Structures are given as C-alpha cells and as structure tokens.
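Using UniProt numbering, you'd call the opening residue of the sequence shown number 1 and step up by one each time.
Even glycine gets a Cβ: it sits at the ideal position worked out from N, Cα and C.
Owing to the predicted nature of the structure, the values given are computational and were not obtained by experimental measurement.
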Amino acid sequence: MTSIRAFWGIQLPQAANEKLIGFVHSLQTRLADTNIRWSAPENLHITLQFLKSVGKEDIPFLIEQVTQQVQGLYSFFVQLGHVELFPSPHKPHVISLQVQAHDTLTNLAGRVGEGIIRAGYAIERRPYRPHLTLGRLRHKGKVLLPPDLTGAEPVTIPVRDICLWESKPSRQGSCYTLLHKLAIQN
C-alpha cells in the first residue's frame, strides 16, 4: 500500500492571496531571521484536518465519507486576524495569522474530521484552532515580534469549497498537489 501525507483545507481566493503576498513580504523584511522558512504564496491556506498518512487507494472512499459529512452546510466567510506565534509564544513552531474562529468554521472542521474517522483514519485530538501559516521555524525557539506588528489589512475569505491536498515535504518547504475540490452549498 502506497501512502501519502494529506490534509483538508480552505484555499484562498486569488484576491486574498495577492493581498497577503505584500503583507508577507513586509513581514519578511521586518523579521529578517534565517530561522524562518516562509510559506510559498501558492501554499497559503487554512487547514481543517491533517492526515499524517493515508493510503492512495483509500482516497476515493475518504472523499466520499467527507462529502457525506459536509452535506447540508452552506458557504460562509472567515476573517483573518492578527499575527501570532503558534501554537504558543513560548514554544512557537510557526508564525501565522489568526483566523477568527466561529461556530460554522469549527463545525466544518469537525464534520471533515468525522468523515476522516468514518474512512478509518485518526484525527488530531486537540481542539481545533484555525490559523493561516505564514512561515515555519526551522529550529524551535523564541521569536520576538515587533510590538507594533498586528496583522495584514483585514482580509475576508469566502468559504465556498474545501480541498484535499497531498503534502510532499522538502528542504525548501512543502509542495502541495490538489487531489480534490469539494463544493459547499451556496
């Protein structure tokens, strides 16, 4: 059985992605730290559920199970918030933008998780905490964010579909391949 790393997430629309690229560039200048591996612009997304390893032959069944779980949900919007060190300022792994959590987004992540479980795979047990990764720390440690650093101009993201991506890690950063896009009702 061939397995892959995969995740379900929310793809950013082109306009939101372009807005964030300028912000990330200014952040890179202000945090000129070689310990940070910045996310490629095309990789910016909001993760819903991550699968460490899934059999390639199970992908159609996984998609079917997740599709069943998200039926009846309607499209909605999320707002990107301030810059944060994730999962905590004391032990950061990534620099991210907070995603203003609300019940609809948490419900969507939960339903995707239920579909994953029904397909025979495990999900993370920690509570869902949405964020958008801007960069990963190569070596875990402290990062000092400038006190005046808050975030990008408010960016509202429409959630009209969710995507299943394969994630292939490399030294330059992960490469994502879109496997499936699943529409949410309007």
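For a quick check, are the C-beta atoms of Ile46 and Val99 less than 8 Å apart?
Contact flag set, yes.
Are the Cβ atoms of Ile184 and Val159 separated by less than 8 Å?
Contact flag set, yes.
The beta strand (DSSP E) spanning Val143 covers which residue range?
Counting along the chain, Val143 falls outside any beta strand (DSSP E), and DSSP gives it neither H nor E.
Just checking, does the segment 1-8 make contact with the segment 52-70 on the three C-beta pairs under 8 Å criterion?
Taking 8 Å as the limit for Cβ pairs, the verdict is that the segment 52-70 does touch the segment 1-8.
Once the 5 residues before and after Gln28 are set aside, which same chain residues still bring their CB inside 7 Å of it?
Within the same chain, Gln28 has close Cβ partners Trp38.
Roughly how many angstroms separate the alpha carbons of Gln68 and Arg111, rounded to a whole number?
Near 9 Å, if we compare the C-alpha coordinates of Arg111 and Gln68.
May I ask which residues mark the beginning and end of the beta strand (DSSP E) holding His180?
Unbroken beta strand (DSSP E) run through His180: Cys175 to Ala183.
Could you compute how far the alpha carbon of Leu31 sits from the alpha carbon of Phe61?
The alpha-carbon atoms of Leu31 and Phe61 are separated by roughly 43 Å.
Please check the pair Thr104 and Phe86, which I expect to be a contact at CB under 8 Å, by giving their CB distance rounded to whole angstroms.
The pair is not a contact, with the Cβ atoms about 21 Å apart (cut-off 8 Å).
Candidates Lys168, Arg138, Leu134 and Leu182: which alpha carbon is nearest His25's?
With distances taken between Cα atoms, His25 lies closest to Leu134.
Taking the beta strand (DSSP E) that Gly22 belongs to, which residues open and close that run?
Note, Gly22: premise wrong, no beta strand (DSSP E); alpha helix (DSSP H) at Gln14 to Arg30.
Short of 6 Å in beta carbon distance, which residues of its chain neighbour Arg136, apart from the five on each side in sequence? Order them along the chain.
Excluding residues within five positions, the ones whose Cβ falls inside 6 Å are Arg37 and Val94.
In whole angstroms, what separates the C-alpha of Pro169 from that of Leu44?
So the alpha carbons of these two residues sit roughly 15 Å apart.
Just verifying my parser: in three-state terms, what is the DSSP assignment at Lys168?
If DSSP states are grouped into helix, strand and coil, Lys168 belongs with the strands.
Of all the options Pro146, Leu80, His180 and Val70, which has the alpha carbon lying nearest to the alpha carbon of Trp165?
Here the closest residue by C-alpha is His180.
What does Thr47 pair with, by DSSP beta-bridge criteria?
Answer by DSSP bridge pairing, in chain order: Gly9.
Decide if His139 is buried, meaning its Cβ has at least 16 other Cβ atoms within 10 Å, or exposed.
Counting Cβ neighbours within 10 Å, His139 comes out exposed, since fewer than 16 surround it.
If you count every other CB in all the chains shown that lies within 10 Å of the CB of Leu144, and 16 or more means buried, which is it?
Flag for Leu144 reads exposed.
Are there 16 or more other CB atoms within 10 angstroms of the CB of Ser96, so buried, or fewer, so exposed?
Label assigned to Ser96: buried.
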